[in-house]
Amino acid sequence: MIRRDRNYRTEGVVLKSMVLGEADLLVTFYTKETGKNKAIARGVRKPTSRLVGHLEPLTRVELSMARGKNLDVVNQAEALYGFASLKNHLTNLSKGLYIAELVDGFGVEGSANLELYCLMIKTLLHLERNPELDLALRYFELHLLKSSGFGLELYNCVQCRERILENNHQFSPDLGGTICSYCVPPSVLIKPLSLRALKVLRFFDRSGLSNLATLNVDKTLSDELAVLLGSGISYWVDREIRSKRFLEHLQYARPEGV
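So my numbering is basically just the index in the sequence shown, starting at one, shifted up by 908.
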């Protein structure tokens, strides 16, 4: 039998929290060591609590935890980084919360995924430096699927496995990627896939976040990428991403040029 110490330390990012009782919070973290983890922070809503300000969503924290019968308990929390510039602007905050909600949806409780943890941190930091670059969200979506084991096939047909030829490609979120025009099974969702969108998706697959600035993507292409990756996300997470709807509302409501 593997013995686990009752008390342990870990590093994580606060994904969300929920009021519990008169002064407690139920906090969901994504941690390096154990993946998604829910824990109780007792008395945190009292003005005298030492945890006040350390457990806000989108905060990277060092945690001291105690294992409980059903839920772990937060003994101490020290904020390592607060992503303040994201939180100071509603649209930017919404982008950060969208990332957090996706990690919550794809993260597995008690199962570490260091690749996903690092992807989340790097994307949030990139958005702080480049808050207007929505391509960072598209990059995150693609690599979220990849790091969670649902990577999109972008080079071969998902049905016949033949190499995808130029202008002979569509996209199937159900089947997990590109499909040639000769292989369209019945009752499968198929979306059009332009050559430009395919090239950008492949660029995402092969490149790092720092290379996104080299891309020149107009609104039409940006919208197509959002639809394609959004359909893949929706298929696998199988639930509404509420922060996405709010983010879209903010972006469409924003006056042109602002």
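Note that the Cβ used here is the ideal one computed from N, Cα and C, for glycine as well. Only a predicted model underlies this, so the values are computations on that prediction, with no experimental measurement involved.
1. So for N1038, helix, strand or coil by DSSP?
2. Establish whether the CB of L1053 and some CB of chain B are separated by less than 8 Å.
3. In angstroms with no decimal places, state the Cα-to-Cα distance between A931 and K954.
4. My assumption, with CB atoms under 8 Å, is that L963 sits in contact with G1004. Please give the rounded CB distance.
5. Excluding the 5 residues preceding and the 5 following Y1063 in the sequence, name in chain order all residues of the same chain whose CB lies nearer than 8 Å to its CB.
6. State the Cα-Cα distance for the pair T1122 and V1092, rounded to the nearest angstrom.
7. Over the uninterrupted beta strand (DSSP E) stretch that includes V1016, give me the two end residues.
8. Confirm, please, whether the CB-CB distance from T936 to E919 is below 8 Å.
9. Quick check on R1046: buried or exposed, where buried means 16 or more other Cβ atoms within 10 Å of its Cβ?
10. Under a three-way DSSP split, which group does N1076 fall into?
11. Label V982 either buried or exposed according to how many other C-beta atoms from any shown protein chain fall within 10 Å of its C-beta, with 16 as the threshold for buried.
12. Mind checking N1119: buried by the 16 CB within 10 Å criterion, or exposed?
13. Tell me the DSSP bridge mates of S972?
14. So, helix, strand or coil for M909, using DSSP?
15. With DSSP as the reference, label D932 as helix, strand or coil.
16. Could you check which residue in D980, G1057, N978 has the C-alpha nearest to that of G1015?
17. Taking contact to mean at least 3 C-beta pairs separated by less than 8 Å, is the region 972-989 in contact with the region 942-962?
18. Could you check the C-alpha separation between D1082 and R958 for me, to the nearest Å?
19. Would you list the residues sitting across from P1100 in a DSSP beta bridge?
20. Ends of the beta strand (DSSP E) at I948?
21. If you follow the alpha helix (DSSP H) that T1128 is part of, which residue opens it and which one closes it?
Put simply:
1. Reading the sequence shown from its first residue, position 130 is the one you call residue 1038. N1038: coil per DSSP, three-state reduction.
2. Of the chains in the structure shown, none is chain B; there is only one protein chain.
3. One-based indexing of the sequence shown puts residue 931 at position 23. One-based indexing of the sequence shown puts residue 954 at position 46. Rounded to whole angstroms, A931 to K954 spans 6 Å at the Cα level.
4. Against the sequence shown, residue 963 aligns to sequence position 55. Against the sequence shown, residue 1004 aligns to sequence position 96. Incorrect: roughly 16 Å between the Cβ atoms, too far for contact.
5. As a position in the sequence shown, residue 1063 is number 155, starting the count at 1. Correct list, in chain order: R1071, I1072, T1086, R1110.
6. Taking the sequence shown and counting its residues from 1, the one referred to as residue 1122 is at position 214. Taking the sequence shown and counting its residues from 1, the one referred to as residue 1092 is at position 184. T1122 and V1092: Cα-Cα distance of roughly 34 Å.
7. As a working mapping, residue 1016 is identified with position 108 in the sequence shown. Taken as a continuous stretch (DSSP letters only), V1016 belongs to no beta strand (DSSP E), as it is neither H nor E.
8. Indexing the sequence shown from 1 puts residue 919 at position 11. Indexing the sequence shown from 1 puts residue 936 at position 28. In terms of Cβ geometry, E919 and T936 do not form a close pair [threshold 8 Å].
9. Taking the first residue of the sequence shown as position 1, residue 1046 is located at position 138. Under this definition R1046 is a buried residue.
10. On the sequence shown, residue 1076 is found 168 positions in, with the first residue counted as 1. DSSP, reduced to helix, strand and coil, places N1076 outside both helices and strands of the structure shown, so it counts as coil.
11. Taking the first residue of the sequence shown as 1, we reach residue 982 at position 74. Counting Cβ neighbours within 10 Å, V982 comes out buried, since at least 16 surround it.
12. Indexing the sequence shown from 1 puts residue 1119 at position 211. By the 10 Å Cβ count, N1119 comes out exposed.
13. Here residue 972 refers to the residue found at position 64 when the sequence shown is read from its first residue. Beta-bridge pairing links S972 to R917, Q984.
14. Along the sequence shown, read from residue 1 onward, the residue named residue 909 stands at position 1. Reliability of the predicted coordinates at M909 is poor, the pLDDT of 38 falling under 50, and the value obtained from them is presented with this limitation in mind. M909: coil per DSSP, three-state reduction.
15. Numbered from its first residue, the sequence shown carries residue 932 at position 24. DSSP places D932 in strand when its eight states are reduced to three.
16. On the sequence shown, residue 1015 is found 107 positions in, with the first residue counted as 1. The shortest Cα separation from G1015 among D980, G1057, N978 belongs to G1057.
17. yes
18. Taking the sequence shown and counting its residues from 1, one reaches residue 1082 at position 174. Taking the sequence shown and counting its residues from 1, one reaches residue 958 at position 50. C-alpha separation (whole angstroms): 47 Å.
19. As a position in the sequence shown, residue 1100 is number 192, starting the count at 1. DSSP output for P1100 lists Q1078 as bridge partner(s).
20. Along the sequence shown, read from residue 1 onward, the residue named residue 948 stands at position 40. It spans 943-949 - the beta strand (DSSP E) in which I948 sits, taken as one unbroken run.
21. As a working mapping, residue 1128 is identified with position 220 in the sequence shown. That run of the alpha helix (DSSP H) goes 1127-1145.
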